[in-house]
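One structure below.
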Amino acid sequence: MWRWFSISFEYREVVDEVLRMVWPRSMKLFTAGPVACFPEVLEAMKIQMFSHRSREYRELHRDTVKRLSEFLEARKGTVMLFPSSGTGIMEASIRNCITPGGKVLVTIIGAFGKRYREVVEWNGRKAVVLEKPPGEPVLPEELDEALKRNPDVEAVTITYNETSTGVLNPLRELAKVAKEHDKLVFVDAVSAMGAADIKFDEWNLDIVFASSQKAFGLPPGLAMGAFSERVFEIAKKIPNRGWYFDLILYREYQEREWSTPSTPPIPQIIGLNVILRIIERMGGKYSWLKMYQDRAEMVRKGVREIGLELFAKPGYYSPTITVVKSPPGIKGIEVYEAMRKRGFEIAKGYGPVKEYTFRIGHMGYIPKEYIEELLRNLREVIAELKSKTK
Ligand SMILES: Cc1ncc(COP(=O)(O)O)c(C=O)c1O
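Okay, so the sequence shown: first residue is 1013 according to the working numbering, each after it adds one.
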């Protein structure tokens, strides 16, 4: 393997102390994010740092943006990288594109739609809400109705994959309706990008964003987004866009020097580049997405065979996270704790459905055998917990 420096550790024990603190024992991760990273990613991220104004960084940035643009089918749009988590771009969408005091139609199908609403309101804009009960998606005809009732909204926000309920919204159809009403379309794809298809140009999206610690299987700290030309045209006219997330400034830096205005998380960008190359080696975007579909189906089938019920409405199941109803008399947290004792870190229920659900994330580095082991253990845990309720 190519080595760029000779390794000598003077304080090896310090590394061990910290690692023992965060990884006291080996666990298999089925989390909602951060998720387990691909070993190739972790290996490449160990590299010594270099300047984000160097020639080498520019090449890394240019190549990563090019690969991600292809993955998102965003050849007309501009793909950019941000030193934040995905919520940073959520905030940027509002500050850069919505007139101060202007209205946004926020669609809510769970906890992260609610966060978009807060971001709209805390930034001095007005949220008009279309909310569905947990477990359900937004349907195109419902969006159409809401837009007919509220023709003065400037944009529509859509959570592509609601991580709290395990529901995948019909994004392509919803975006089509929003465009028939000539609205900007902002998509929170934090737990979807990399696992659910996104055709940025064809679906006419304006902003779609995600975080590194989800379906690409990278550590947290990097956000990535694609932006339509219309976004930049509108942003030019919006006052007080702030500095840190000024999209115009971001694009200027990228066009001028293939870099970012402030310091980017270089290791995560290296990791993203590695993953995008792995995707290519695996046969390209659609083979990779199929891997995600297969995993999700395997988990759902296994869960049903144990006799458990899924939370999401049939037909709208998430490719990245399966939300499961815990059986009567058993709390979601009890299943979580019992699985943890057996070396499996699943995800606790989240938001309003926290009490009576638990979640199985299937993002990042998860070999097939891990899923088989998880399901075997889950069957035993449910049987044990049930026997205690009798
Ligand atoms: C759908 C969705 N939106 C937004 C977020 C927030 O992302 P971040 O914490 O990376 O900003 C999450 C995190 O789990 C999410 O799942």
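Even for Gly, the Cβ is constructed at its ideal location relative to N, Cα and C.
| Counting Cβ pairs, one atom from each stretch, are 3 or more of them under 8 Å apart for the stretch 1245-1264 and the stretch 1045-1053? | no
| When Leu1041, Lys1337, Arg1129, Ala1222 are compared against Thr1355, the one with the closest alpha-carbon | Position 343 of the sequence shown, counting from 1, holds the residue named residue 1355. First, the amino acid is wrong: residue 1355 is Gly here, not Thr. Of Leu1041, Lys1337, Arg1129, Ala1222, the residue nearest in Cα terms is Leu1041.
| request: For Pro1232, verify whether its CB is less than 8 Å away from any heavy atom of ligand 1. | output: What you label residue 1232 is simply residue 220 of the sequence shown in a count that begins at 1. Indeed, a heavy atom of ligand 1 lies less than 8 Å from the Cβ.
| Heavy atom of ligand 1 less than 8 Å from the Cβ of Lys1144, yes or no? | Taking the sequence shown and counting its residues from 1, the one referred to as residue 1144 is at position 132. No - ligand 1 has no heavy atom lying nearer than 8 Å to the Cβ of Lys1144.
| said: Taking 8 Å as the cut-off, does the stretch 1273-1291 touch the stretch 1139-1154 (at least 3 CB pairs, one atom from each stretch)? | reply: no
| beta-carbon Thr1369 near ligand 1 non-hydrogen atom, thresh 8 Å | Mapped onto the sequence shown, residue 1369 falls at position 357. Outside the cutoff, so no.
| message | Please report the straight-line C-alpha distance between Asp1209 and Val1335, rounded to a whole angstrom. | response | Taking the sequence shown and counting its residues from 1, the one referred to as residue 1209 is at position 197. Taking the sequence shown and counting its residues from 1, the one referred to as residue 1335 is at position 323. In a straight line, the C-alpha of Asp1209 is about 20 Å away from that of Val1335.
| query | For Gly1411, which residues from the same chain have a beta carbon less than 6 Å from its beta carbon, with the 5 sequence-adjacent residues on both sides left out? | reply | Since the first and last residues shown for the chain are 1013 and 1402, residue 1411 lies out of range.
| Whole-angstrom C-beta distance between Tyr1328 and Leu1180, which should lie under 8 Å | Position 168 of the sequence shown, counted from the first residue, corresponds to residue 1180. Position 316 of the sequence shown, counted from the first residue, corresponds to residue 1328. Indeed, because the Cβ distance is near 5 Å, the residues count as touching under 8 Å.
| request: List the whole-angstrom C-beta distance separating Leu1117 from Val1091, where the pair is believed to meet the contact cut-off of C-beta under 8 Å. | output: Position 105 of the sequence shown, counted from the first residue, corresponds to residue 1117. Position 79 of the sequence shown, counted from the first residue, corresponds to residue 1091. Between Val1091 and Leu1117 the Cβ distance is about 25 Å, and since that is not below 8 Å, they are no contact.
| message | By alpha-carbon positions, which one of Ser1274, Gly1314, Pro1340 ends up nearest to Thr1401? | response | In the sequence shown, counting from the first residue as 1, residue 1401 sits at position 389. The shortest C-alpha separation from Thr1401 is found at Pro1340.
| said: Can you determine whether any heavy atom of ligand 1 sits closer than 8 Å to the C-beta of Gly1229, and answer yes or no? | reply: As a first step, residue 1229 is located in the sequence shown; it is residue number 217 there, counting from the start. No - ligand 1 has no heavy atom lying nearer than 8 Å to the Cβ of Gly1229.
| Would you call the stretch 1100-1119 and the stretch 1234-1250 in contact, with 3 or more CB pairs under 8 Å? | yes
| If you draw a straight line from the alpha carbon of Asn1389 to that of Met1351, how long is it in whole angstroms? | Residue numbering aside, residue 1389 sits at position 377 when the sequence shown is read from its first letter. Residue numbering aside, residue 1351 sits at position 339 when the sequence shown is read from its first letter. The straight-line gap from Cα to Cα measures roughly 7 Å.
| request: Tell me whether the beta-carbon of Ile1358 lies closer than 9 Å to the beta-carbon of Val1347. | output: Along the sequence shown, one-based indexing puts residue 1358 at 346. Along the sequence shown, one-based indexing puts residue 1347 at 335. Yes, they are a contact pair.
| Under the three-state reduction of DSSP, which class applies to Lys1353: helix, strand or coil? | On the sequence shown, residue 1353 is found 341 positions in, with the first residue counted as 1. Lys1353 falls in the helix class under three-state DSSP.
| Should Thr1177 be counted as a contact of ligand 1 given a C-beta to heavy atom distance under 8 Å? | Numbered from its first residue, the sequence shown carries residue 1177 at position 165. Thr1177 Cβ: outside cutoff for every heavy atom of ligand 1.
| said: On a Cα-Cα basis, can you pick out the residue from Gly1136, Tyr1172, Thr1119 that is closest to Glu1157? | reply: The count along the sequence shown starts at 1 and reaches residue 1157 at position 145. Minimum Cα distance to Glu1157 is reached at Thr1119.
| said: Measuring alpha carbon to alpha carbon, tell me which residue in Val1131, Gly1098, Gly1314 is nearest Ile1110. | reply: To locate residue 1110, count along the sequence shown from 1; it is residue 98. Cα-wise, what sits closest to Ile1110 is Val1131.
| Check: Met1236 C-beta below 8 Å from any heavy atom of ligand 1 | Position 224 of the sequence shown, counted from the first residue, corresponds to residue 1236. The answer is no for Met1236.
| request: Look at the alpha carbon of Arg1067 and the alpha carbon of Lys1325, and state the distance between them as a whole number of angstroms. | output: For the purposes of this step, residue 1067 is taken as residue 55 along the sequence shown, with counting starting at 1. For the purposes of this step, residue 1325 is taken as residue 313 along the sequence shown, with counting starting at 1. Taking the straight line joining both Cα atoms gives about 50 Å.
| Starting from Arg1371 and walking both ways along the beta strand (DSSP E), at which residues does that stretch end? | Numbered from its first residue, the sequence shown carries residue 1371 at position 359. Unbroken beta strand (DSSP E) run through Arg1371: 1369-1373.
| message | Is the beta carbon of Asp1200 closer than 9 Å to that of Tyr1128? | response | Counted from its first residue, the sequence shown places residue 1128 at position 116. Counted from its first residue, the sequence shown places residue 1200 at position 188. Yes, these two residues count as a Cβ contact at 9 Å.
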